[in-house]
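Novice: Chains as they are written, first to last, in the working numbering: chain A, 1 to 93; chain B, 1001 to 1171.
Right, I'll just put the structure down here and ask away after.
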């Protein structure tokens, strides 16, 4: 009779342990996801201007470049060289 | 423990877990959607585009910039009105915008021939430290350049803009 009760108690402890571990895992996963969502909000909610520019392979089109292009067309040969030189110097900026 | 008691405890346990998961999802959603979008860089670019549009049209400098052969002082004074810009903050707070325009004769790029600035000049101080993450609440700055012609002369226009508005864009 007492042996049976002991076995029964062991089975119950094992059952409870399973649920406790499962609960801890669930809470851990939730904490990780909550942290990830707060990180994601900080990182992805910065809208960069690069994302808004229309890009053609090899060149970038934007409002100001188009204005400079108009000026280029109206410039003399000497002035065009100044623009070309300036563009070359500021290519990486 | 009898079978019925076990089922009751398990039901309560499941209910607690369900509440936990629902609370977690709720927290995640709140955390993500409560964070504002930081659009200051885009706003800064839009401001620069509008100023550029006001100063140069079709590659030629705006005639209003000149009084005869010289650059106009009146344009400088009425810059915001002429370019349809409104920098004033609501409720008497400090202005959240600053813009600075420097025009150079393309043949001499070290000496500006005309300068205009408008808005809250204190924002400029944050331009140099904006790359550091801990200063994300500081103003966002941007500088763009364009060329324009007038009367056979070529000019380089440098436009710098700074946007504060940390309250609306950063948490």
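We put the beta carbon where it would ideally sit given N, CA and C, even for glycine.
Source: prediction; values computed, not measured.
1. Which same chain residues end up closer than 6 Å to residue 1100 of chain B when comparing Cβ atoms and leaving out the 5 residues on each side of it in sequence?
2. Kindly indicate which three-state DSSP category residue 1033 of chain B falls into: helix, strand or coil?
3. Tell me, which residues are paired with residue 1102 of chain B by DSSP?
4. Alpha helix (DSSP H) containing residue 1054 of chain B: first to last residue?
5. For my contact list, residue 1059 of chain B and residue 70 of chain A are in at a C-beta cut-off of 8 Å; report their separation, rounded to the angstrom.
6. So, does the CB of residue 28 of chain A fall closer than 8 Å to a CB anywhere in chain B?
7. Under the assumption that residue 1120 of chain B contacts residue 1098 of chain B (Cβ atoms under 8 Å), give the Cβ distance between them as a whole number of angstroms.
8. Give the interface partners of residue 46 of chain A over in chain B, defined as CB-CB distance under 7 Å, in chain order.
9. Answer with buried or exposed for residue 14 of chain A, where buried requires no fewer than 16 other C-beta atoms within 10 angstroms of its C-beta.
10. Mind listing the chain B neighbours of residue 37 of chain A? Cutoff is C-beta to C-beta under 7 Å, in chain order.
11. What is the DSSP secondary structure of residue 70 of chain A, counted as helix, strand or coil?
12. Kindly give me the distance between the Cβ atoms of residue 1065 of chain B and residue 67 of chain A, rounded to whole angstroms, as I take these residues to be in contact under 8 Å.
13. Determine which residues share a DSSP beta bridge with residue 1147 of chain B and list them.
14. Under a three-way DSSP split, which group does residue 35 of chain A fall into?
15. Against residue 23 of chain A, what residues of chain B qualify as contacts under a CB-to-CB distance less than 9 Å, listed in chain order?
16. By DSSP, does residue 1060 of chain B sit in helix, in strand, or in coil?
17. Would you say residue 1166 of chain B reaches chain A, if we count a Cβ-Cβ gap shorter than 8 Å as a contact?
18. What span of residues does the alpha helix (DSSP H) with residue 1166 of chain B cover, start to end?
19. Under 8 Å: do the segment 1042-1050 of chain B and the segment 1017-1033 of chain B share three or more Cβ pairs, one atom per stretch?
20. Consult DSSP for residue 1083 of chain B and reduce its assignment to one of helix, strand or coil.
21. Tell me, please, which residues DSSP counts as bridged to residue 1071 of chain B.
22. Can you tell me the Cα-Cα spacing of residue 1141 of chain B and residue 1021 of chain B, whole angstroms?
23. Nearest chain A C-beta to residue 1188 of chain B closer than 8 Å, yes or no?
24. Give the single residue among B:1067, B:1088 and B:1154 whose Cα lies nearest to the Cα of residue 1112 of chain B.
25. Tell me which residues of the segment 1081-1107 of chain B have at least one Cβ-Cβ distance to chain A shorter than 8 Å, keeping chain order.
26. Give the secondary structure of residue 80 of chain A by DSSP, where H, G and I count as helix, E and B as strand, and everything else as coil.
Specialist: Judging by the given coordinates:
1. 1117 and 1160
2. helix
3. B:1115 and B:1158
4. 1040-1055
5. 3 Å
6. no
7. 5 Å
8. 1038
9. exposed
10. 1028, 1031 and 1032
11. helix
12. About 15 Å separates the two Cβ atoms, so there is no contact after all.
13. B:1156
14. helix
15. 1013, 1016, 1017 and 1020
16. strand
17. no
18. 1166-1169
19. no
20. coil
21. B:1066
22. 42 Å
23. Look at the range of chain B in this structure, 1001 to 1171, and you will see that residue 1188 of chain B is not part of it.
24. B:1154
25. 1106 and 1107
26. helix
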